[in-house]
Amino acid sequence: MAAWGAAGPGRLAFRIIRVMTVKEVLAKLKSLGNDARRKHNAKVGPDGITPPANQFGVPMGDIRAIAKKIKTDHELALALWDTGNMEAQLVAALIIKPKSLTAKDVDRLTRSTTCAQVADWLNSYVVAEHPDKDALREKWMKDKNPWAARAGWHFTASRINKAAKGKAADDLDVKALLDRLEKELPKAKPEVQWAMNNTLGAIGINHAALRKRAVAIGAKVGLYKDWPVSKGCIIPYVPVWVEAMVKRQG
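What follows is the structure, given as structure tokens:
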């Protein structure tokens, strides 16, 4: 790719802008992969979410370094996403231009997510920056596609947390959400359960009047009760999580 730039009065300098190709990015990712990381990624975690099938086993720091080198490249991002490779999709989430995507584009990317790590990066770095995220949130919460439903509940939990801090409108029917969670959480797919559990926790932490019911639902469902955590961390089991966070908030 070439570009002209000023180099002084009356003079133009010709400079070359180096753009990586999909093939080059994939080759670089493959060279950085290692067996230990592949084995780690291939494990089904305690949340039961299916691990990535198409992956090289690249450490997250190396993925971020590649994206930092590329900076922003929307077309390359879309092409990398369509490879279906986990690490390529993670790079794509970091170099894409969220506001250059239509709502239809965002919906397609969300539905074609390959694993939980990719879903979380897509939601955090792409969907969160899109102007249609709330309209998509409402649509996705009713969707049968697990990655779409996960995104819908993810942004519902986020909105509850932001509303508690005065950073979002407090206009959700939280009681109706609890009704849905009580009915749907036990039978939801693992990909969706994670985000639904986050929503249940957000309600318990931020809505004192509904806290007892939220905790009771969490105890009845029992999700993540035996989740392994490092010392000092809080498990995502709602009764323990809510109590710890409320106590922390004073």
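Using the numbering used here, read the sequence shown as starting at 10 and increasing by one per residue. Beta carbons: idealized from backbone N, C-alpha and C, even for Gly.
By a C-beta neighbour count over all protein chains shown, 10 Å radius and 16 as the cutoff for buried, is arginine 159 buried or exposed? buried
Taking its Cβ as the centre, do 16 or more other Cβ atoms sit within 10 Å of glycine 17, making it buried, or is it exposed? Low confidence applies here, because glycine 17 scores a pLDDT of 49, under 50, leaving its location unreliable; read the following figure in that light. Glycine 17 is exposed by the Cβ-count criterion.
Could you pull the start and end residues of the alpha helix (DSSP H) that alanine 125 belongs to? 125-134
Which class does glutamine 202 belong to by DSSP, given the choice of helix, strand or coil? helix
Selected residue, minimal CA-CA separation from leucine 219, among Glu191, Trp130, Trp203: Glu191
Spatial distance of aspartate 180 from valine 34 (CA atoms): 44 Å
Length of the line joining the Cα atoms of lysine 148 and isoleucine 212: 20 Å
Let me know the secondary structure DSSP gives isoleucine 105 once reduced to three states. coil
Spatial neighbours of alanine 223 in its chain, beta-carbon cut-off 6 Å, leaving aside the 5 residues before and after: Leu209, Ile212, Gly213
Given aspartate 82 as reference, the closest of Val251, Cys124, Val28 once Cα atoms are compared: Val28
Euclidean distance between Cα positions of alanine 177 and arginine 168: 6 Å
Please report the distance separating the alpha-carbon of alanine 128 from that of serine 109. 19 Å
Per DSSP, what kind of secondary structure is glycine 57 in: helix, strand or coil? coil
May I have a chain-ordered list of the alpha helix (DSSP H) segments no shorter than 4 residues that lie completely inside the region 25-95? 31-41, 44-51, 69-79, 83-90
Give me, in chain order, the residues of the same chain whose beta-carbon lies closer than 7 Å to that of alanine 157; leave out the 5 immediate sequence neighbours on both sides. Thr119, Arg120, Trp149
May I have the straight-line CA-CA distance separating valine 238 from glycine 231, to the nearest angstrom? 16 Å
Which of helix, strand or coil DSSP assigns to alanine 178: coil
Would you mind stating whether isoleucine 318 and glutamate 96 have Cβ atoms separated by less than 7 Å? For residue 318 there is no data in the structure shown, the boundaries of the chain being 10 and 259.
Can you give the Cα-Cα distance for aspartate 235 and asparagine 132, rounded to whole angstroms? 27 Å
Report the option in Asn207, Thr111, Ala173 whose CA atom is closest to the CA atom of leucine 145. Thr111
Name the residue from Ala166, Asp152, Lys153 whose alpha carbon lies nearest to the alpha carbon of alanine 137. Ala166
To the nearest angstrom, report how far apart leucine 102 and glycine 57 are at their CA atoms. Here the sequence assigns alanine to residue 102, which means leucine is not the residue at that position. Distance between the alpha carbons of alanine 102 and glycine 57: 24 Å.
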